[in-house]
Amino acid sequence: MNIGEAAETTGVTPKMIRHYEQIGLIRAAGRTGSGYRTYCPKDLSTLSFIRRSRDLGFSIAQIRDLLALWQDRARASGDVKRIASAHIEEMKEKMRLLQEMVHTLEHLSAHCHGDDRPDCPILEQLSTGRTEDGCC
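Residue numbers (the numbering used here): 183 to 318.
Right under this line is the structure:
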């Protein structure tokens, strides 16, 4: 299977397939006599694994670790769970930070008159880190 077919089958773009090969996340593709990359079913499984891992927000480093565990039939499931649990905690922290940003922006937006006057608490906060009312 060539790179275009592999991309269509796995949902990973040809550019990303080449990138994953370059950084060693997948093995170097086989080559035809004319130099075209070829992919076997195992390569497609690995690419699909990577795509699903990326869909869940795992980093490249985490995916590298998960791939190693997936390929190691003597692995302990606890090792996999530790990676997933750490990722869950990272995502929860990101969610907390996003919620704080939303709260701040909602507050600033609520205090912005949104009229023809030049004063704007949103711009004030962005430029100084505080608003005229001392908020945020």
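Glycine residues also receive a C-beta, built at the ideal position from the N, C-alpha and C atoms.
| query | Expressed to the nearest angstrom, what Euclidean distance is found between the alpha-carbon atoms of residue 249 and residue 218? | reply | On the sequence shown, residue 249 is found 67 positions in, with the first residue counted as 1. On the sequence shown, residue 218 is found 36 positions in, with the first residue counted as 1. Taking the straight line joining both Cα atoms gives about 25 Å.
| In chain order, what residues of the same chain lie with their CB nearer than 6 Å to the CB of residue 229, ignoring the 5 residues before and after it? | Working through the sequence shown from its first residue, we reach residue 229 at position 47. Within the same chain, 192 and 194 come within 6 Å of residue 229 by CB-CB distance, once the 5 residues on both sides are set aside.
| How long is the line joining the alpha carbons of residue 197 and residue 189, rounded to whole angstroms? | Taking the first residue of the sequence shown as position 1, residue 197 is located at position 15. Taking the first residue of the sequence shown as position 1, residue 189 is located at position 7. Taken atom to atom, the span from the alpha-carbon of residue 197 to that of residue 189 is near 9 Å.
| said: Please tell me whether residue 300 and residue 290 are closer than 8 Å, where the distance is taken between their beta carbons. | reply: By 1-based counting over the sequence shown, the position of residue 300 is 118. By 1-based counting over the sequence shown, the position of residue 290 is 108. In this structure, the beta-carbon distance from residue 300 to residue 290 does not fall below 8 Å.
| task | Please find out if some non-hydrogen atom of the ligand MG comes closer than 7 Å to the beta-carbon of residue 302. | result | Ligands displayed in this structure: none; no statement on the ligand MG is therefore possible.
| Helix, strand or coil at residue 212 [DSSP, three-state] | Translated into the one-based positions of the sequence shown, residue 212 becomes position 30. Reduced to three states, the DSSP call for residue 212 is strand.
| field | C-alpha distance - residue 212 paired with residue 279, whole-angstrom precision | value | In the sequence shown, counting from the first residue as 1, residue 212 sits at position 30. In the sequence shown, counting from the first residue as 1, residue 279 sits at position 97. Answer to the nearest angstrom: the Cα atoms are 44 Å apart.
| request: Could you have a look at residue 257 and say whether DSSP puts it in helix, strand or coil? | output: Here residue 257 refers to the residue found at position 75 of the sequence shown. In the structure shown, residue 257 sits in coil (DSSP, three-state: anything other than H, G, I, E or B).
| Unbroken alpha helix (DSSP H) run spanning residue 186, endpoints | To locate residue 186, count along the sequence shown from 1; it is residue 4. Unbroken alpha helix (DSSP H) run through residue 186: 185 to 192.
| query | How far does the alpha helix (DSSP H) with residue 229 in it reach, from first residue to last? | reply | Taking the sequence shown and counting its residues from 1, one reaches residue 229 at position 47. Here the alpha helix (DSSP H) through residue 229 covers 223 to 237.
| said: If distances are taken between C-alpha atoms only, which option among 245, 274 and 312 comes closest to residue 261? | reply: As a working mapping, residue 261 is identified with position 79 in the sequence shown. Looking at the Cα atoms, 245 is the closest of the given residues.
| field | CA-to-CA distance, residue 307 to residue 238, given in whole angstroms | value | If you number the sequence shown from 1, residue 238 lands on position 56. If you number the sequence shown from 1, residue 307 lands on position 125. Here the alpha carbon of residue 238 sits roughly 34 Å from the alpha carbon of residue 307.
| said: Assuming the contact rule is C-beta atoms closer than 8 Å, residue 201 and residue 240 should be a hit. Round their C-beta distance to whole Å, please. | reply: Against the sequence shown, residue 201 aligns to sequence position 19. Against the sequence shown, residue 240 aligns to sequence position 58. About 16 Å separates the beta carbon of residue 201 from that of residue 240, a gap too long to meet the 8 Å contact definition.
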